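Residue numbers (my numbering): 1002 to 1321.
Below, the structure written as structure tokens:
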């Protein structure tokens, strides 16, 4: 039997080869990683535009975007903590708390944006060119956006309307829910959120039931028969308003004979309520109470009546 004799390979040689292979792989990997970072840095260093001779690179814009996200999130958290931890414990009107919260939020945003611009190396004096371009853009198509923004600032400082006020804008009635930079959110009496541009509150007529003194005078109209006792009608209507637990006795309710209608006296009850949001329910309560009181006192609320007079027509008779 013949044996094939294999060449002798030393263990040291094998280890040397393996170490050489691993070294080559490591060098190749590190070289690839270094090349990737070099290419990435070249891409991030590409100039996108210049501001007064200062280049703004893609890396600057990326860092600026990250900083803006942090600024907006921090502003929201800070204003929320300011309202819940400090302002809510101070004795002041709710509208003033909201105004201070919004102003703090906007100031934080402005300071954060300016800091972000400085951090990425953009000279603020060079932004005059950008602002000039923005002014041209405003002249061509951003008038409404600018008008709403300035109107929002005026609403926060002058406070013709405040959060929680019951207002009427055009045919819309509801409560102010939130005042933002561009628009105001109104929660209608049907619990529907309606977004109204801020400029509408500055340029148009707005009815604010809650501005200053919250009590308002409510009107209840009813017609009674000409055969009724007028003094009893006046007394009954006034007493109905006085007996309601949510109307004010001062100023005192007033009952007026407003007009002589076709088939009834047009009576008007004027009484005061402390909160404008209660007026519809209180008016309904008083109307229901008047129906019961009128029935007890034999006071009639007549139906509309029309008299029809027929005259004979001689020409019609001749034709027939």
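Note that CB positions come from ideal geometry on N, CA and C, so glycine has one too. Being a predicted model, the structure only gives us computed values, none of them experimental.
Taking the beta strand (DSSP E) that residue i falls in, what are its first and last residues?
i	result
residue 1222	1217-1225
residue 1268	1266-1274
residue 1298	Premise fails: residue 1298 is in no beta strand (DSSP E) and is neither H nor E.
residue 1258	1255-1261
Would residue i be called buried (16 or more neighbouring beta carbons within 10 Å of its own) or exposed?
i	result
residue 1099	buried
residue 1238	buried
residue 1166	buried
residue 1103	buried
residue 1214	exposed
residue 1074	exposed
residue 1225	buried
residue 1322	Summary: the structure shown does not reach residue 1322, with the chain confined to residues 1002 through 1321, and so no result is reported for it.
residue 1305	exposed
residue 1176	buried
Cutting at 8 Å between CB atoms, please list the residues of its own chain near residue i, excluding the five before and the five after it.
i	result
residue 1145	1198 and 1200
residue 1076	1106, 1109, 1110 and 1113
residue 1231	1258 and 1266
residue 1173	1187, 1189, 1195 and 1197
residue 1202	1152, 1156, 1161, 1162, 1170 and 1185
Excluding the five sequence neighbours on either side, which residues of its own chain have a C-beta within less than 6 Å of the C-beta of residue i, listed in chain order?
i	result
residue 1273	1216, 1218, 1249 and 1252
residue 1068	1117
residue 1303	1226, 1264 and 1265
residue 1256	1235, 1238, 1239 and 1270
On the three-state DSSP scale, how would you describe residue i?
i	result
residue 1167	strand
residue 1177	strand
residue 1285	helix
residue 1248	coil
residue 1078	helix
residue 1213	coil
residue 1194	strand
residue 1207	strand
Could you pull the start and end residues of the alpha helix (DSSP H) that residue i belongs to?
i	result
residue 1202	1200-1204
residue 1145	1144-1159
residue 1186	From DSSP, residue 1186 is part of no alpha helix (DSSP H) but of the beta strand (DSSP E) over 1184-1189.
residue 1234	1231-1244
Assuming the contact rule is C-beta atoms closer than 8 Å, residue i and residue j should be a hit. Round their C-beta distance to whole Å, please.
i	j	result
residue 1187	residue 1245	That pair is no contact at about 29 Å.
residue 1195	residue 1204	Contact flag wrong, Cβ pair sits at about 18 Å.
residue 1269	residue 1222	5 Å
residue 1169	residue 1178	Not really, about 15 Å apart at Cβ, beyond 8 Å.
residue 1180	residue 1234	Wrong, their Cβ atoms sit about 47 Å apart, outside the cutoff.
Please return the same chain residues whose Cβ sits closer than 7 Å to the Cβ of residue i, not counting the five positions on each side in sequence.
i	result
residue 1260	1267
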